[in-house]
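Its first residue numbered 1, the sequence shown is counted upward by one per residue in the UniProt record's numbering.
C-beta atoms are modelled at their ideal positions from N, C-alpha and C, and glycine is treated no differently.
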Amino acid sequence: MTTLTALPTGPATTDTRADDAATRELFAARAELASLGVTASPSRLERALERLEAAQQASRRTLAQAA
């Protein structure tokens, strides 16, 4: 028998999920950039930097909303 448990919802849960998602994306963007070697194409480096910048902005927004 499987029991389903309702997940809490509401502003606090949504904020936590957004913060978690922003943190995960920032971590992934940093890891992607760090994994690129000297043989990576300039366009690949540019895309990775753009991803990192977007993740940093999203992270800052979630921090500002939490304050």
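Residue i to residue j, Cα distance in whole Å?
i, j, result
"Thr-62", "Glu-32", "22 Å"
"Ala-18", "Ala-55", "12 Å"
"Glu-25", "Leu-49", "13 Å"
"Arg-47", "Ala-67", "31 Å"
"Ala-34", "Asp-20", "21 Å"
"Ser-41", "Arg-30", "17 Å"
Where do the ends of the alpha helix (DSSP H) carrying residue i lie?
i, result
"Thr-39", "Where Thr-39 is concerned, there is no enclosing alpha helix (DSSP H), given that its DSSP letter is neither H nor E."
Are the CB atoms of residue j and residue i within a distance shorter than 8 Å?
i, j, result
"Asp-15", "Gln-57", "no"
"Leu-52", "Arg-44", "no"
Contact defined as beta carbons within less than 8 Å: I believe residue i pairs with residue j. What is the distance between those atoms, to the nearest angstrom?
i, j, result
"Ser-59", "Ala-28", "Actually they are not in contact, since the Cβ atoms of Ser-59 and Ala-28 sit about 12 Å apart, beyond 8 Å."
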